[in-house]
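Trainee: Numbering (my numbering), first residue to last: 21 to 267. Just so it is clear, CB atoms sit at the ideal spot from N, CA and C, and this is done for glycine as well. Please read all numbers here as calculations on a predicted model, not as lab measurements. A single structure is presented below for examination.
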Ligand code: GLN
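This is how it looks when you write it as structure tokens:
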């Protein structure tokens with residue numbers, strides 16, 4: 021399954037998360053440690069989102085392998101941000117390998133990533149998709165489970181706090197498509213929210229910074245694993261972990 025990470029805190033170079041740590045997202049793209057039966061490597065695409073100004077998300081994403089993008093490696097050493105969300109993709113069998121299927125998905129201040137798959141896509145969630153405005157379906161980034169999940173989350177963000185929006189979508193999709201893997205990650209640059217639904221997620225809060233990552237970026241003992249079936253809401257001063265209820 022894909023790997024993703026998020027960061028909030030003092031502005032840091034994107035490379036300090038994506039390229040430089042011993043078990044950076046780059047390293048996880050070809051040597052992940054905990055894929056839990058969902059693929060071997062993450063080589064079908066990648067993306068990085070950051071904030072040049074508060075509330076203004078910018079996203080760069082490409083098909084292919086993160087390690088072959090020397091331009092991004094160089095830019096990532098210069099681009100600094102106080103909020104970053106990045107992902108590498110291992111496409112689910114049957115899903116198109118295109119740029120628009122790569123996370124992060126974005127809208128306004130939001131950046132979103134999904135690690136996992138929807139069981140029996142697309143029939144299992146057809147009724148759920150019908151609850152969305154037709155224009156949302158016609159303008160999905162790509163015909164993939166992750167893009168639909170983003171549309172479902174985005175529609176809930178209009179009325180619900182981020183953790184409720186993610187937990188609500190996980191509950192509805194898990195009910196419609198049992199066995200789905202629904203590890204979601206979302207930020208607006210001020211708060212990071214992530215779910216654990218069959219995959220690992222780790223949090224490290226140090227001083228005035230918080231990092232959330234599918235796998236720890238290094239062997240710092242301050243990484244804490246988020247238990248399965250939970251939603252974590254984190255900012256630089258607080259980490260809150262809540263159960264999402266039974267599967
Ligand atoms: N199912 C999603 C996709 O194909 C995510 C894949 C994954 O997590 N490996 O893009």
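Take residue 273 as the anchor and find which of 132, 151, 65, 73 has the nearest alpha-carbon.
Mentor: The structure shown does not extend to residue 273, since the chain is modelled only from 21 to 267, so the question has no answer here.
Trainee: Residue 167 and residue 213 - do their beta-carbons sit closer together than 7 Å?
Mentor: Within the chain shown, residue 213 is the residue found at index 193, counting from 1. Within the chain shown, residue 167 is the residue found at index 147, counting from 1. Cβ atoms of residue 213 and residue 167: not closer than 7 Å.
Trainee: Within 10 angstroms of the Cβ of residue 161, are there 16 or more other Cβ atoms? Answer buried if so, exposed if not.
Mentor: The count along the chain shown starts at 1 and reaches residue 161 at position 141. The residue is buried, with at least 16 neighbouring Cβ atoms inside 10 Å.
Trainee: Cβ-heavy atom distance between residue 136 and the ligand GLN below 6 Å?
Mentor: The count along the chain shown starts at 1 and reaches residue 136 at position 116. Yes, Cβ of residue 136 sits closer than 6 Å to a heavy atom of the ligand GLN.
Trainee: Should residue 226 go down as buried or exposed, given a rule of 16 or more other Cβ atoms within 10 Å for buried?
Mentor: In the chain shown, residue 226 corresponds to position 206, counting from 1. The residue is exposed, with fewer than 16 neighbouring Cβ atoms inside 10 Å.
Trainee: Using the three-state DSSP reduction, which class does residue 111 fall into: helix, strand or coil?
Mentor: On the chain shown, position 91 is the one that residue 111 refers to. Coil.
Trainee: With DSSP as the reference, identify every bridge partner of residue 103, one or two as the case may be.
Mentor: For the purposes of this step, residue 103 is taken as the residue at position 83 of the chain shown. The partner list for residue 103 (beta bridge, DSSP) reads 28.
Trainee: Between the beta-carbon of residue 179 and the beta-carbon of residue 131, is there less than 7 Å?
Mentor: The residue you call residue 179 lines up with position 159 of the chain shown. The residue you call residue 131 lines up with position 111 of the chain shown. Not a contact, by the Cβ cut-off of 7 Å.
Trainee: Enumerated in chain order, which unbroken segments of the beta strand (DSSP E) with a length of 3 residues or greater are wholly contained in the region 141-165?
Mentor: Taking only runs of at least 3 residues, no beta strand (DSSP E) segment lies wholly in the region 141-165.
Trainee: Rounding to the nearest angstrom, what Cα-Cα distance links residue 195 and residue 257 in this structure?
Mentor: Residue mapping note: residue 195 aligns to position 175 of the chain shown, counting from 1. Residue mapping note: residue 257 aligns to position 237 of the chain shown, counting from 1. Rounded to whole angstroms, residue 195 to residue 257 spans 34 Å at the Cα level.
Trainee: Following the continuous alpha helix (DSSP H) through residue 46, name the residue where it begins and the one where it ends.
Mentor: If you number the chain shown from 1, residue 46 lands on position 26. 45-50 is the span of the alpha helix (DSSP H), which, as asked, contains residue 46.
Trainee: Once the 5 residues before and after residue 62 are set aside, which same chain residues still bring their CB inside 7 Å of it?
Mentor: The residue given as residue 62 occupies position 42 in the chain shown. So the list reads 22, 23, 48, 49, 52, 108, 109, 110, once near-sequence residues are dropped.
Trainee: With DSSP collapsed to three states, give me the class of residue 244.
Mentor: The count along the chain shown starts at 1 and reaches residue 244 at position 224. Strand, per DSSP.
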